[in-house]
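One structure is given below, encoded as structure tokens.
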Amino acid sequence: MTVTELINKNNKTAFSFEILPPMKGNNIEKVYNIIDRLIEFDPQYINITTHHSEYIDQKMPNGTIKRLNIRKRPGSVAIAASIQHKYNVTAIPHLICKGFSKEETEYALIDLNFLHVSNLLLLQGDSKRLAPEQIYPNRNEYATDLQQQVNNFNNGISEDGTTFERNATPFAYGMACYPEVHEDAISAESDIRYMKQKSENGVEYFVTQMFFDNQKYFSFVEKCRKAGITQPIIPGVKPIVLMSQLEVLPKIFRSNIPEELAIELRKCKTDEQAKEVGVEWGIKQCKELIASGASSLHFYSLMATESVRRIAKEIY
Numbered sequence: 084m085t086v087t088e089l090i091n092k093n094n095k096t097a098f099s100f101e102i103l104p105p106m107k108g109n110n111i112e113k114v115y116n117i118i119d120r121l122i123e124f125d126p127q128y129i130n131i132t133t134h135h136s137e138y139i140d141q142k143m144p145n146g147t148i149k150r151l152n153i154r155k156r157p158g159s160v161a162i163a164a165s166i167q168h169k170y171n172v173t174a175i176p177h178l179i180c181k182g183f184s185k186e187e188t189e190y191a192l193i194d195l196n197f198l199h200v201s202n203l204l205l206l207q208g209d210s211k212r213l214a215p216e217q218i219y220p221n222r223n224e225y226a227t228d229l230q231q232q233v234n235n236f237n238n239g240i241s242e243d244g245t246t247f248e249r250n251a252t253p254f255a256y257g258m259a260c261y262p263e264v265h266e267d268a269i270s271a272e273s274d275i276r277y278m279k280q281k282s283e284n285g286v287e288y289f290v291t292q293m294f295f296d297n298q299k300y301f302s303f304v305e306k307c308r309k310a311g312i313t314q315p316i317i318p319g320v321k322p323i324v325l326m327s328q329l330e331v332l333p334k335i336f337r338s339n340i341p342e343e344l345a346i347e348l349r350k351c352k353t354d355e356q357a358k359e360v361g362v363e364w365g366i367k368q369c370k371e372l373i374a375s376g377a378s379s380l381h382f383y384s385l386m387a388t389e390s391v392r393r394i395a396k397e398i399y
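Just so you know, the sequence shown maps onto residues 84 to 399 in the numbering used here.
Okay, here's the thing in structure tokens:
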């Protein structure tokens, strides 16, 4: 089933969450432990992030420094297949532009098709840690380029232009959107124009960047609807768990912290207190989103599994 089919099959607001692959050298049990703590809330799908490799300088046993290309969090494709097999829950791996060539993306699509993983989230990805040699000539620069490659694959057109027999189950995919404007966008209006382009080119749904002010989400959705964007716009929720996130999250993700929440976080003397504030805010935020008719809530669970669990227990 596709995401829209999953979130529309029940009358209640659907629950989903995002996980990261374990660091290289760790086993998949760390992923299973997170899912085991959240599975009781009947997730309709689980997202798995994808990460490009990075160049690092590593000291070798003989004392020399060697430059290595290391993927710190490998295994997204395999983890997606494993989750579907173990939990019978739809898994949605991320596909990203940055750090991957079009050929690598095509091979990932082939592997996913063989593994019966047919739902994706298409993202531009972060280029801040890319080395010059990782900026491949034959690459998808923007998420819209990646969207075109997936559409071509669904239509039986390979990256090199040759044709093949179309897959019985085409890939369905979502894409990201930004209630508080993408960092590369020149304006909120241009951001929505690109969303409209993605809408017209076959995206099934959108999921938002994390936000903490529901009014910004409501206003954003209203603008999208006026622009003719009809796909579901799933709110992304991130529970605050650290005092430092009051300053860090707005800088990294351009997610405004409402003053009401900021005041409570400034009172905190420990991260444990900040986590409690985050849970209380998350419950309040989610209840308002559900009351407004949100068809699904998507939780960013990095470092926040227990907080997500406590919020879900209150609202589901």
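For every residue, glycine included, the Cβ atom is placed at its ideal position computed from N, Cα and C.
Whole-angstrom C-beta distance between residue j and residue i, which should lie under 8 angstroms
{"i": "cysteine 307", "j": "isoleucine 316", "result": "6 angstroms"}
{"i": "serine 159", "j": "histidine 177", "result": "7 angstroms"}
{"i": "valine 324", "j": "methionine 386", "result": "6 angstroms"}
{"i": "phenylalanine 236", "j": "glutamate 189", "result": "7 angstroms"}
{"i": "tyrosine 225", "j": "cysteine 180", "result": "7 angstroms"}
{"i": "tyrosine 399", "j": "threonine 87", "result": "Contact doesn't hold; Cβ gap of about 20 angstroms is too wide."}
Environment of residue i [buried if 16+ CB atoms lie within 10 Å]
{"i": "glutamate 263", "result": "buried"}
{"i": "asparagine 238", "result": "exposed"}
{"i": "glutamine 374", "result": "Position check: residue 374 holds alanine in this sequence, whereas glutamine was assumed. So alanine 374 counts as exposed."}
{"i": "phenylalanine 295", "result": "buried"}
{"i": "glycine 146", "result": "exposed"}
{"i": "serine 201", "result": "buried"}
{"i": "lysine 350", "result": "exposed"}
{"i": "threonine 133", "result": "buried"}
{"i": "isoleucine 153", "result": "exposed"}
{"i": "threonine 245", "result": "exposed"}
{"i": "threonine 313", "result": "exposed"}
{"i": "isoleucine 148", "result": "exposed"}
{"i": "isoleucine 90", "result": "buried"}
{"i": "leucine 203", "result": "buried"}
{"i": "valine 320", "result": "buried"}
{"i": "serine 273", "result": "exposed"}
{"i": "isoleucine 269", "result": "exposed"}
{"i": "threonine 353", "result": "exposed"}
Beta-carbon contacts of residue i that lie in its chain and below 7 angstroms, excluding the five residues immediately before and after
{"i": "serine 184", "result": "Tyr219, Asn221 and Arg222"}
{"i": "valine 172", "result": "Pro126, Tyr128, Ile129 and Ile166"}
{"i": "serine 390", "result": "Pro322, Val324, Lys358, Gly361, Val362 and Gly365"}
{"i": "tyrosine 424", "result": "It is not possible to answer for residue 424, since the shown part of the chain is limited to 84 through 399."}
{"i": "proline 341", "result": "Phe295 and Asp296"}
{"i": "threonine 96", "result": "Ile373, Ala377, Ser378, Ser379 and Leu380"}
{"i": "aspartate 209", "result": "Lys181"}
{"i": "isoleucine 275", "result": "Lys306, Cys307 and Ala310"}
{"i": "proline 333", "result": "Asn339 and Ile340"}
{"i": "arginine 392", "result": "Arg120 and Leu121"}
{"i": "leucine 232", "result": "Just to set this straight, residue 232 is glutamine in the shown sequence, not leucine. Hits under 7 angstroms: Lys185, Thr188, Asn223 and Glu242."}
{"i": "isoleucine 240", "result": "Thr246"}
{"i": "phenylalanine 98", "result": "Phe124, Asp125, Pro126, Gln127, Leu380, Ala395 and Tyr399"}
{"i": "alanine 191", "result": "Val160 and Leu178"}
{"i": "threonine 85", "result": "Asn202, Ala255 and Glu287"}
{"i": "valine 331", "result": "none"}
{"i": "lysine 370", "result": "Ile398"}
Same chain only: Cβ atoms within 8 angstroms of residue i, ignoring 5 sequence neighbours per side
{"i": "phenylalanine 336", "result": "Gln292 and Met293"}
{"i": "methionine 106", "result": "Lys155 and Arg156"}
{"i": "glutamine 230", "result": "Leu205, Tyr256, Met258, Lys281, Asn284, Gly285 and Val286"}
{"i": "glutamate 101", "result": "Ile129, Asn130, Ile131, Thr132, His381, Phe382, Tyr383, Ser384 and Leu385"}
{"i": "threonine 227", "result": "Tyr277, Gln280, Lys281 and Asn284"}
{"i": "glutamate 266", "result": "Arg337"}
{"i": "threonine 388", "result": "Ile117, Arg120 and Leu121"}
{"i": "glutamine 368", "result": "Phe295, Asn297 and Val320"}
{"i": "arginine 249", "result": "Asn237, Asn238 and Gly239"}
Proximity test, Cβ basis, 8 angstroms: residue i and chain D
{"i": "glutamine 232", "result": "The structure shown has no chain D; it contains just one protein chain."}
Cut-off 6 angstroms between Cβ atoms - residues of its own chain near residue i, not counting five sequence neighbours on either side
{"i": "phenylalanine 303", "result": "Pro262"}
{"i": "proline 104", "result": "Arg156, Gly158, Ser159 and Ile162"}
{"i": "tyrosine 300", "result": "Pro262, Phe294 and Pro318"}
{"i": "isoleucine 175", "result": "Tyr128, Asn130, Asn202 and Leu204"}
{"i": "methionine 326", "result": "Cys351, Asp354 and Ala357"}
When the Cβ atoms of the region 248–257 are set against those of the region 181–201, are three or more pairs found closer than 8 angstroms? yes
Do the region 102–116 and the region 142–152 meet, that is, are 3 or more Cβ pairs less than 8 angstroms apart? no
Where in the region 302–365 do unbroken runs of the beta strand (DSSP E), each at least 3 residues long, occur, reported from the N-terminal end onward? 316–320
The region 377–386 / the region 331–350 touching (three or more Cβ pairs under 8 angstroms): no
Sequence ranges, beta strand (DSSP E) only - wholly within the region 116–185, length at least 3: 126–131, 137–142, 148–153 and 173–179
Scan the region 184–229 and note each continuous beta strand (DSSP E) run of 3 residues or more that stays entirely inside, going in chain order. 202–206
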